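A short write-up of the structure that comes next.
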Amino acid sequence: MAERPAAAAPVDAAPTGAGWPAGGGRSGRGRRRDRRVYLRRYPLLFTLLVATRHRPALRLGRTVLVHDPQAYLDALTRLPLDRAAAGTVGGTAHRLGADGLLFDQEGPEHRRLRRALHDGLGPAGVAKLRPVWTAVLRRRLAPLAAGEPVDLVPVAAELAGVTAAALLGVDADPTALAAAARRAAATAAAAQLPGPHPPGRSRAARRAVADLTALLGVPPDAAGLAGMLAVAAVNTTVSGLPRAVAWCADDRLWDAAADPARRDTLVDELLRVTAPSPLLPRAAAAAGTAAGCPVRAGDRLLLVARHAAGAHRAGPDPAAPAPPRIARLVFGAGPHSCPGARLARAQLADTLAALVPHRPVVARARADGRAALPGWARLVIRAGT
């Protein structure tokens, strides 16, 4: 399905422009640790992106890599995109689902759920959901006060699961829902990797999608949207939240987290450098250009959100943050903006606020080699001294 988005205003300040980055942020330890999640999950792809990031856009066969913030913005807001092409989120959903199980459904239940999600992700909806995840934070982080360690990954998984269940209005066990959504995303990602696939990989991906759909228990004409939201909400949260906390701890940013006047800026900075969805796969539906690089219909576009947002140039610095339009490129742009951005910011802000009294440090960390998104399989924190 071709989609021609409306044009967007130019990026107001690029990472290479005057005034930012001012000093690059205190990012040595945090950056070194965070690099491990990329090298563990997608070592070849990460190496390729690092090697080409000095180019605003670069063609490799029928694939165009886009690193530059303005080119990234133009690709999302000016180029017609094919939402159902192979290799895109929509294409994967069509391929794994049965009769559009995960995408492009219609019907009264589908429309009702879309309206509910629009309301649920708005300011009032996020405020209504807040007690759901803050209760998880209070209970799961309480051991820190007694000097006990806490693994943040299962905390993030439960937080994501209970939020997704509340948002969708389903009576599913939060931990089971998070596990099913993570498994569906991981098997789908594995099925998309280049090279030979072990027997049964596609079948495993379809089974994981079916298991998630059964767990959600929503009417058939709402299953697609519910499944896509659960997969997106759970996986970005489980990937991004522990990474953000680790970076905050490693770069000793707890003073900023403790200050309500600076916390929101810190949240934007942490989301900018962690970029929970660091790479957006898209496909061109018609010819165009990206930073002067010709784009043909059918070309695959790899839009590198973490580079567009300057994550490789500067660590999180609440004293000299990136311009908001740069920082928020990690959530897409225009009609391709992430509808859950407000929710993500609120959850990270509340997590930081809950951790501030303990000013935790990272005790142990193990990168995840199987998840759909770069993240930690284990991130154990303990109260600082």
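Heads up: the sequence shown is residues 1 to 385, going by UniProt numbering.
Backbone N, C-alpha and C fix where the C-beta goes; we use that ideal spot for every residue, glycine too.
In this text, all values refer to a predicted model and were calculated from it rather than measured experimentally.
| Item | Value |
| --- | --- |
| Tell me, which residues are paired with A57 by DSSP? | V66 |
| Hey, out of L352, A223, P281, Q70, whose CA is closest to A189's CA? | P281 |
| Would you call the region 260-279 in contact with the region 53-66, where contact means no fewer than 3 C-beta pairs closer than 8 Å? | no |
| With C-beta atoms as the reference, is T237 less than 9 Å away from T175? | no |
| At what residues does the beta strand (DSSP E) containing C248 begin and finish? | Element bounds for C248: not the beta strand (DSSP E) but the alpha helix (DSSP H), 220-250. |
| What would DSSP say about V356, mapped onto helix, strand or coil? | coil |
| To test your reading of the DSSP string, which unbroken beta strand (DSSP E) runs of 3 or more residues are found completely within the region 119-190? | none |
| Buried or exposed for A256, please, with buried defined as at least 16 other CB atoms from any protein chain shown within 10 angstroms of its CB. | buried |
| Could you have a look at T385 and say whether DSSP puts it in helix, strand or coil? | coil |
| Name the two residues that bound the continuous alpha helix (DSSP H) containing P43. | 43-52 |
| Can you check DSSP and say which residues form a bridge with L301? | V64, R282 |
| Given 8 Å as the limit, is there contact between the region 299-317 and the region 25-39, that is, 3 or more CB pairs closer than that? | yes |
| Put D82 into one of helix, strand or coil per three-state DSSP. | strand |
| The alpha helix (DSSP H) spanning P294 covers which residue range? | Careful: P294 lies outside any alpha helix (DSSP H), inside the beta strand (DSSP E) at 293-295. |
| Is the Cβ-Cβ distance between V64 and A290 less than 9 Å? | yes |
| Name the DSSP beta bridge partners of R366, please? | R378 |
| Restricting to Cα atoms, I'd like to know which of A172, H358, R40 is closest to A160. | A172 |
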